[in-house]
Amino acid sequence: MSGKRGFSVTIFIPTGEPEGLRIVEKTNWSGVGVVFPRAQFPLARQRKELQCAGVYILWAPNETGLLPRVYIGEGDPVLSRLDQHAKQKDFWTHAAVFTSKDQNLNKAHVQYLEARLVALANDARRAELDHGNVPKLPALSEAESAYAEAFLDDVLLCLPVVGVSFFEKAKIDAPKSSDLIIRSKKCIEARGVETPQGFIVRAGSQAAKDETRSLYETYRNLRNSLLKQGILKDEGSHLVFTQDYPFESPSAAAAVVLGRSANGLTEWKDPKGRMLKEIRQAFFVE
1 MSGKRGFSVT IFIPTGEPEG LRIVEKTNWS GVGVVFPRAQ FPLARQRKEL QCAGVYILWA
61 PNETGLLPRV YIGEGDPVLS RLDQHAKQKD FWTHAAVFTS KDQNLNKAHV QYLEARLVAL
121 ANDARRAELD HGNVPKLPAL SEAESAYAEA FLDDVLLCLP VVGVSFFEKA KIDAPKSSDL
181 IIRSKKCIEA RGVETPQGFI VRAGSQAAKD ETRSLYETYR NLRNSLLKQG ILKDEGSHLV
241 FTQDYPFESP SAAAAVVLGR SANGLTEWKD PKGRMLKEIR QAFFVE
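Counting from 1, one number per residue, gives the positions in the sequence shown under the UniProt record's numbering.
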């Protein structure tokens with residue numbers, strides 16, 4: 001059984017628009033998140049939370065197969081930095097700001113949070129960072145570092161709830177005996193597992209080096225992004241996954257592995273040869 005504990009997150013929607021401005025709070029946490037689309041920045045900038053020291057994330061969602069583009073920053077107050085980005089950065093369509101309800105976050109704390117989030121995003125490699133220089137951790141006392149790290153833990157729990165998963169490195173808890181497998185005629189073998197994070201292809205899995213004309217442009221772009229990020233490495237005759245990596249669907253994973261359009265429900269099979277489609281259907285058979 002997983003050692004993770006359950007927790008509650010409250011999302012308040014001031015405007016009544018589910019995709020608009022959202023205020024995110026978690027039980028037993030002094031922090032608060034303000035998440036909003038860029039179109040509602042004029043409304044968000046009126047929030048008192050943006051007058052405090054905080055860390056923020058700007059991003060543009062994945063729409064063409066390319067990895068999301070992300071910028072992470074800090075400000076004291078946050079609003080002045082966001083005003084600059086509204087004028088100077090065109091790419092972002094959404095933003096999330098995290099600050100403290102009791103105003104216990106100071107400049108050093110938010111610099112620490114910025115540096116840690118950038119490091120996590122670099123490690124996860126699920127987005128392309130819009131950063132020139134990588135921020136360094138500020139010098140904090142042991143107690144202050146512990147406070148900032150605890151605050152970060154809660155931020156990382158809240159982010160996936162609002163659809164932000166750029167900082168989560170794929171994790172597979174299942175044994176390899178439960179893997180689903182693709183074996184192609186070109187001697188390509190890949191292994192993957194269905195998880196709450198998506199369909200994760202295991203590190204060491206192979207992918208076809210060549211692409212067919214049937215491969216959708218979305219997946220062609222995704223393969224290029226994964227090569228650029230170092231998730232896929234050219235090994236001469238084929239490509240190799242350098243780390244566990246999550247995909248939105250089994251079909252997306254299969255298409256990237258095979259270099260052609262593919263139905264993940266029929267391509268991925270268990271060691272007995274059962275297709276993923278059959279495995280899913282078996283849950284409904286008495």
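By construction, the Cβ of each residue, glycine as well, lies at the ideal position given by its N, Cα and C atoms.
Counting along the chain, H109 sits inside the alpha helix (DSSP H) bounded by residues 107–124. Under a 10 Å Cβ-count criterion, G264 is classified as buried, with 16 or more other Cβ atoms of the shown protein chains found around its own Cβ. The residues W59, L67, P68, R69, V70, A121, F166, in chain order, have a CB closer than 8 Å to that of A127 in the same chain once the five nearest residues on each side in sequence are set aside. Under DSSP, the beta-bridge partners assigned to K233 are V240. By the Cβ-count criterion, T99 is buried, with 16 or more other Cβ atoms from all chains shown falling within 10 Å of its own Cβ.
If the five residues before and after Q229 are omitted, its C-beta is found closer than 6 Å to the C-beta atoms of R125, all from its own chain and listed in chain order. When the alpha-carbon of F41 is set against those of H109, H131, G75, H85, the nearest one is in H85. With contacts defined by Cβ atoms closer than 8 Å, L258 and A203 do not form a contacting pair. Distance between L215 and A252, taken at the CA atoms: about 11 Å.
Distances from the alpha-carbon of F247 to those of G33, P196, E235 put P196 closest. In the DSSP assignment, H94 is bridged to P37, W59.
DSSP, reduced to helix, strand and coil, places K186 outside both helices and strands of the structure shown, so it counts as coil. In the displayed model, F247 falls within a strand according to three-state DSSP. Residue pairing from DSSP places I200 in a beta bridge opposite V193, P246. Residue pairing by DSSP places G54 opposite G75, T99 in a beta bridge.
Linking R260 to S184 through their CA atoms gives a straight-line distance of about 12 Å. Counting only the Cα atoms, D154 lies some 20 Å from L21.
Per DSSP, the continuous alpha helix (DSSP H) segment holding A150 begins and ends at 142–158.
For I172, no alpha helix (DSSP H) run applies, since DSSP gives it neither H nor E. Under the three-state reduction of DSSP, E19 is assigned to coil, being neither helix nor strand.
In this structure, D123 and S30 do not form a Cβ contact; the two beta carbons are roughly 27 Å apart against a cut-off of 8 Å. With 16 or more other CB atoms across the displayed protein chains lying within 10 angstroms of its CB, Q206 is buried.
Collapsing the DSSP output to three states places G273 in coil. Sequence-distant Cβ neighbours of K277 in its own chain, meaning closer than 8 Å and more than five residues away, are L265, T266. Under DSSP, I181 takes part in a beta bridge, and its partners are R191, K269.
For C187, the number of other beta carbons within 10 angstroms of its own is below 16, and it is reported as exposed.
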